[in-house]
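Asker: Quick note, the sequences are listed as chains A and B, same order.
In case it helps, the UniProt record's numbering puts the first sequence at residues 1 to 192.
In case it helps, the UniProt record's numbering puts the second sequence at residues 1 to 167.
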Amino acid sequence: MVGKDCVAIACDLRLGLQALTVSNNFPKVFQYGDNVFLGLTGLATDVSTVSDLFRYKVNMYRLREERAIAPSTFANLVSSSLYERRFGPYFVSPVVAGLDPKTGAPFICGFDSIGCIDFAKDFIVSGTASEQLFGMCESLWEPNLGPEDLFETISQALLSAVDRDALSGWGAHVYVIEKNKVTKRLLKGRQD
Amino acid sequence: MRGATILKASDDKTRQLNKHTLYIQANAQLYSMRNETDLSPTALAHYVRGQLATSLRSRKPYNVNLLLGGVDPITHKPSLFWLDYLAALAPVPYAAHGYAQYYCLSILDKHHHPDMTLVQGIKVLEMCTDELKRRLPIDFKGMIVKAVTKDGIRDIEFNDDKVVKCP
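(1) Got a sec, what are the start and stop residues for the alpha helix (DSSP H) Tyr-99/B sits in?
(2) What residues of chain B sit near Thr-45/A, judged by a beta carbon separation below 7 angstroms?
(3) Let me know the secondary structure DSSP gives Ala-19/A once reduced to three states.
(4) For a cutoff of 8 angstroms on Cβ pairs, would you count Leu-38/A as touching chain B?
(5) Using only the alpha-carbon positions, how far apart do Lys-19/B and Leu-39/B sit?
(6) If you reduce the DSSP assignment to three classes, tell me which class Leu-83/B lands in.
(7) From the beta carbon of Arg-154/B, is the nearest beta carbon of chain A less than 8 angstroms away?
(8) What residue from Ile-156/B, Asp-139/B, Lys-141/B and Tyr-102/B has the CA that sits closest to Lys-123/B's CA?
(9) In angstroms with no decimal places, state the Cα-to-Cα distance between Pro-114/B and Asn-159/B.
(10) Could you work out which residue in Ser-72/A, Glu-131/A, Asn-24/A and Leu-63/A is closest to Asn-35/A when comparing CA atoms only?
(11) Which of the three DSSP states is assigned to Glu-66/A in this structure?
(12) If you draw a straight line from the alpha carbon of Arg-154/B to that of Lys-60/B, how long is it in whole angstroms?
(13) What separation, rounded to the nearest whole angstrom, lies between the Cα atoms of Pro-73/B and Ala-100/B?
(14) Any idea which residues DSSP pairs Ile-114/A with across the strands?
(15) Which of the three DSSP states is assigned to Gln-31/A in this structure?
(16) Just to make sure I have the definition right: I need the residues of chain A whose C-beta is within less than 9 angstroms of the C-beta of Gln-101/B. Which are they?
(17) Hey, quick one: how far does the beta strand (DSSP E) through Gly-121/B stretch, first residue to last?
(18) From Ser-139/A, Ala-161/A and Arg-55/A, pick the residue whose C-alpha is nearest to that of Gln-132/A; which is it?
(19) Mind checking whether Lys-4/A and Asn-180/A have CB atoms under 8 angstroms apart?
(20) Using a C-beta cutoff of 8 angstroms, does Val-92/B count as contacting chain A?
(21) From Arg-86/A to Leu-77/A, what does the alpha carbon distance come to, in whole angstroms?
(22) What's the gap between the Cα of Ser-48/A and the Cα of Tyr-103/B?
(23) In whole angstroms, what is the alpha-carbon distance linking Glu-66/A and Leu-108/B?
(24) Is Val-125/A helix, strand or coil when you go by DSSP?
(25) So, is the C-beta of Arg-49/B closer than 8 angstroms to a C-beta in chain A?
(26) In its own chain, which residues sit with a C-beta less than 8 angstroms from the C-beta of Pro-89/A, not counting the 5 before and 5 after it?
(27) Tell me which residues of the region 117-135 of chain A have at least one Cβ-Cβ distance to chain B shorter than 7 angstroms, keeping chain order.
(28) Helix, strand or coil: which one does DSSP assign to Arg-49/B?
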């Protein structure tokens, strides 16, 4: 979710097999460098595999280029990496959020499982609760939110959405990314 | 079990990963020998997950679900990992696989405490096996119980002769 000179990204913590919850400590948002974040929903094994793969690729990029990766570059890396698996895809729907290291402009985008980029200037949602999230974000989000208001907006949107989805919830992680500052908060949420 | 036929009633399905042989065991052992220290449970869990994830998209994937338990050789912190055949890895306080999940997890939700003693743990385990005997329509052949401690792995005496009847 985009704010004024800041972005926020959040995920729930549930890991389950259909209706059975296996773990309530399975974060789906991963940090790559100072202000590039990747959220992954979908098949749990591919969430781990893809997050590990990009950790490797981003580390290699940083060593080769001797600078941190920009979110827009990372988005194109995600897109091409997913399209490499065009006919045997990773079953994930990634979301990228970050601030441009040069201009400090917020950047967010989403993908389908084969890497088609969906750019947005307000918010991106993904996962089993995406319909609920669309509704909540559409009604709560407004342009130019400050970091604190953005945190409140994204948290309320996420918590309300996952409470209407039987397959999501069980706690949440919320990251607010500002220039030179990243705040990570843990929301307990409903545990039933 | 092979189809409807029981081939062996007492097969120990647990393996100590920093001993014995076979592929993953061999690699864990190789690490221990090279670095003169044992892998931490977290490192080993991620290694096993890597192997399983690679195998998942191969022509003949492994079809195993595992629970990995261990005590960190340096910090002495115990940990448990749940890993299924799709290579989904999760650190958990307690876990089960297969149909047993449906019965055991709810019991463990209620009775597990993060700072339980071994004796209390065995009691809860007994409640779990009692429930399995009560609710699962299988011929129960007993349990193998082992404790992983910082000093090594030891077998635990476990009374599984008790008959539990469904009310």
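Here a beta-carbon is modelled for each residue, glycine too, at the ideal position from N, C-alpha and C.
Just so it is clear, the structure is predicted and the values come from calculations on it, not from any experiment.
Answerer: Once the coordinates are examined:
(1) Premise fails: Tyr-99/B is in no alpha helix (DSSP H) and is neither H nor E.
(2) Ala-53, Leu-56, Leu-86, Ala-87 and Ala-88
(3) coil
(4) no
(5) Note that Lys-19/B scores 46 on pLDDT, short of 50, meaning its location in the model is unreliable; the coordinates nonetheless yield the value given after this. For Lys-19/B and Leu-39/B, the distance between alpha carbons rounds to 12 angstroms.
(6) strand
(7) no
(8) Ile-156/B
(9) 24 angstroms
(10) Ser-72/A
(11) coil
(12) 34 angstroms
(13) 30 angstroms
(14) According to DSSP, which records beta bridges pairwise, Ile-114/A is partnered with nothing at all.
(15) strand
(16) Leu-17, Leu-20 and Val-22
(17) Per DSSP, Gly-121/B belongs to no beta strand (DSSP E); it is in the alpha helix (DSSP H), 118-135.
(18) Ala-161/A
(19) no
(20) yes
(21) 15 angstroms
(22) 28 angstroms
(23) 49 angstroms
(24) coil
(25) yes
(26) Leu-82, Ser-113 and Ile-114
(27) none
(28) helix
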